[in-house]
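So the structure is just underneath, and the comments pick up after that.
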Amino acid sequence: MSAPPRNVLIGIETITKSGIQNSPVLRWALRNFVQRGDHVVIVHASKLLEGDGKAAGYTNVANPETLKDMEHTVETLVRDMAINSFNCQDIVVKASIIKADPRETIAKLAEQLQAVAVIVGRRSIGAMKRALMGSVSDFLARECNSTVIIVKAE
Amino acid sequence: MTTVSAPTDAVPATTTPLDTVVHTHGEGEHVKRTMVIAVDHSKNSDVAFHWALDNFLDATRDVAVLLNVRSVPTAPGLVAENFYIDFSDYLSRIEEKNRAESHQLLHYYADQVKARGIAVRAVAMVGDPREAILSKCKELHADGLVMGCRGLGSVRRAFLGSVSDYLVHHIKCPIMIIRDPSSEGSSSKTAKPAAAAQKVNPTDPATVPHSSLVDWWEKHSSE
């Protein structure tokens, strides 16, 4: 097949090992959407990276090298998940951990990558909180120019 | 709303609103995923359908359930004080026409799905698209819903309401909103929903719009 590889953008909420392995978004995407030869780009964008950094074992997250290490860890994790649990072949995994507002980051990244789809989860926060805080999945469903897939946690 | 589950290609001779299974093909034991695709006559829905067909539907494990929800035709009965016009004739004629178009649209899309060897079921519904799609997905235990989006700006969306917004909030299964990238203007507040106005009519390229009340009245008052 000479078709160019599809870029699949997946937004995840947590970058801890168990968080990733149990992430409903990732599991759905790998089981149902990702095909051979896809480029899977995992994005974790959060304004407060310190909390996650501690959980991953790093204390100073502002250091770009540390970020790169964390990204490598995520990439390996997802690659293993894909091959072992979900039988996805020939995929390229790239992780990006960015300290910024998730909504605009993911929207911009989707446009840059010309992603075939943006897959995000939906936090089960109440309607009140969602109205106040705003929700990444809501924002993307409205504003993002590519296909948006919203996977709910069961 | 009751569900007529007997698969039939013939258009049933009834004007009462029922969920009609218009077409069904190829559902066997291999089916593991039920994907509901909401279609209507808009271009955005056409884009969404083709996206799903090209990028997502898998012949080895999917059944595509095509869903078209048409609205109930309405007309004012009481036009002015003491002046009542009985529109039931007009209404039933409009409903017949809507039903025929709905079934035609569903057949059109179902044939394309069949051509790819994917199991398909096409259902015609009447009523409010939001609730109809939500209830159907619940009833079928859908594994996913695919739909287009009108690309309304925030002001329009607040006034007109958005089917995709409502479903994103209320649906329990994964939902895919497909946008038509060519029709997306960045200043969506001023851009008219031009894409939504382009209709996809399978047989008649020059789409005939539904007669307005005034036209109908003029046409019939001259007979």
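Sequences listed follow chains A and B, in order. Read left to right, the first sequence gives residues 1 to 154 (the numbering used here). Read left to right, the second sequence gives residues 1 to 223 (the numbering used here). Where a beta carbon is used, it is the ideal one built from N, C-alpha and C, also for glycine.
Proximal residues of chain B, C-beta to C-beta of residue i below 9 Å
i                : result
Val34 of chain A : Those do not exist, as Val34 of chain A stays about 11 Å from chain B at its closest Cβ, beyond 9 Å.
Val92 of chain A : By Cβ distance, chain B contributes nothing, its closest Cβ being about 18 Å from Val92 of chain A, past 9 Å.
C-alpha distance - residue i paired with residue j, whole-angstrom precision
i                 : j                 : result
Val63 of chain B  : Leu91 of chain B  : 35 Å
Asp54 of chain B  : Val113 of chain B : 10 Å
Ile133 of chain B : Leu26 of chain A  : 26 Å
Thr14 of chain A  : Val126 of chain B : 42 Å
Asn44 of chain B  : Lys68 of chain A  : 40 Å
Lys47 of chain A  : Asp138 of chain A : 18 Å
Ala100 of chain A : Glu111 of chain A : 17 Å
Lys152 of chain A : Ile85 of chain B  : 49 Å
Glu27 of chain B  : Val65 of chain B  : 11 Å
Asp46 of chain B  : Val39 of chain B  : 7 Å
Val168 of chain B : Ile150 of chain A : 8 Å
Asp128 of chain B : Ala119 of chain B : 27 Å
Arg150 of chain B : Asn63 of chain A  : 43 Å
Phe86 of chain A  : Trp51 of chain B  : 24 Å
Thr20 of chain B  : Ala59 of chain B  : 24 Å
Ile42 of chain A  : Val34 of chain A  : 12 Å
Asn22 of chain A  : Gly117 of chain B : 34 Å
Cut-off 6 Å between Cβ atoms - residues of its own chain near residue i, not counting five sequence neighbours on either side
i                 : result
Lys32 of chain B  : Arg61
Thr147 of chain A : Ala117
Phe87 of chain B  : Ala75
Ala29 of chain A  : Ile10, Ile119
Lys192 of chain B : Below a pLDDT of 50, predicted positions are generally treated as unreliable, and Lys192 of chain B, at 40, falls in that range; the measurement from the model is reported next regardless. Hits under 6 Å: none found.
Arg130 of chain B : Val163, Tyr166
Met176 of chain B : Val146
N-terminal and C-terminal residue of the beta strand (DSSP E) that residue i is part of
i                 : result
Asn7 of chain A   : 7-11
Leu145 of chain B : 144-148
Gly121 of chain B : The amino acid at residue 121 of chain B is misidentified as Gly; the sequence shows Arg. From DSSP, the beta strand (DSSP E) with Arg121 of chain B extends over 119-126.
Val65 of chain B  : 62-70
Val21 of chain B  : 19-25
Ile94 of chain B  : Unbroken run through Ile94 of chain B is the alpha helix (DSSP H), 88-115; no beta strand (DSSP E).
Arg122 of chain A : 117-122
Thr34 of chain B  : 33-38
Ile149 of chain A : 148-152
Ile177 of chain B : 175-178
First and last residue of the uninterrupted alpha helix (DSSP H) at residue i
i                 : result
Lys99 of chain A  : Note, Lys99 of chain A: premise wrong, no alpha helix (DSSP H); not H, not E.
Leu53 of chain B  : 43-55
Thr73 of chain A  : 64-80
Lys17 of chain A  : 17-21
Ile133 of chain B : 129-140
His39 of chain A  : From DSSP, His39 of chain A is part of no alpha helix (DSSP H) but of the beta strand (DSSP E) over 39-45.
Arg142 of chain A : 136-143
Arg27 of chain A  : 24-28
Val163 of chain B : 163-170
Cβ shell of residue i (< 7 Å), same chain only, five flanking positions each side left out
i                 : result
Cys173 of chain B : Cys137, Ala142, Asp143, Gly144, Leu145
Glu75 of chain A  : Val93, Lys94, Ala95
Asp90 of chain A  : Arg36, Gly37
Ala48 of chain B  : Val146, Met147, Gly148, Ile178
Ser18 of chain A  : none
Asp9 of chain B   : Here Asp9 of chain B scores only 44 on pLDDT, less than 50, and its place in the model should not be relied on; the value that follows carries that caveat. Result list for Asp9 of chain B: His23, in chain order.
Closer than 8 Å at the beta carbon, the chain B residues around residue i
i                 : result
Ala107 of chain A : Residues of chain B passing the Cβ test: none, with the nearest at roughly 12 Å.
Partners in chain A for residue i, counting only beta-carbon separations shorter than 7 Å
i                 : result
Lys172 of chain B : Lys152
CB contact check: residue i to chain D, cutoff 8 Å
i                : result
Ile83 of chain A : Among the protein chains in the structure shown, which are A and B, there is no chain D.
Under 9 Å from the C-beta of residue i: neighbouring residues of chain A
i                : result
Asn55 of chain B : Arg6, Phe33, Gln35, Val116, Ala117, Thr147
8 Å contact criterion, which residue i and residue j should meet: CB distance rounded
i                 : j                 : result
Leu140 of chain A : Ile106 of chain A : 6 Å
Asn68 of chain B  : Leu106 of chain B : 5 Å
Asn7 of chain A   : Ala82 of chain A  : 15 Å between Cβ atoms; not a contact.
Partner residues on chain A for residue i, Cβ-Cβ distance less than 8 Å
i                 : result
Val168 of chain B : Ser137, Asp138, Ala141, Ile150
Ser88 of chain B  : Chain A residues near Ser88 of chain B: none, gap ~40 Å exceeds 8 Å.
Ile118 of chain B : Residues of chain A passing the Cβ test: none, with the nearest at roughly 15 Å.
8 Å CB neighbourhood of residue i in its chain, flanking five on each side removed
i                : result
Pro5 of chain A  : Gly37, Asp38, His39, Val92
Arg93 of chain B : none
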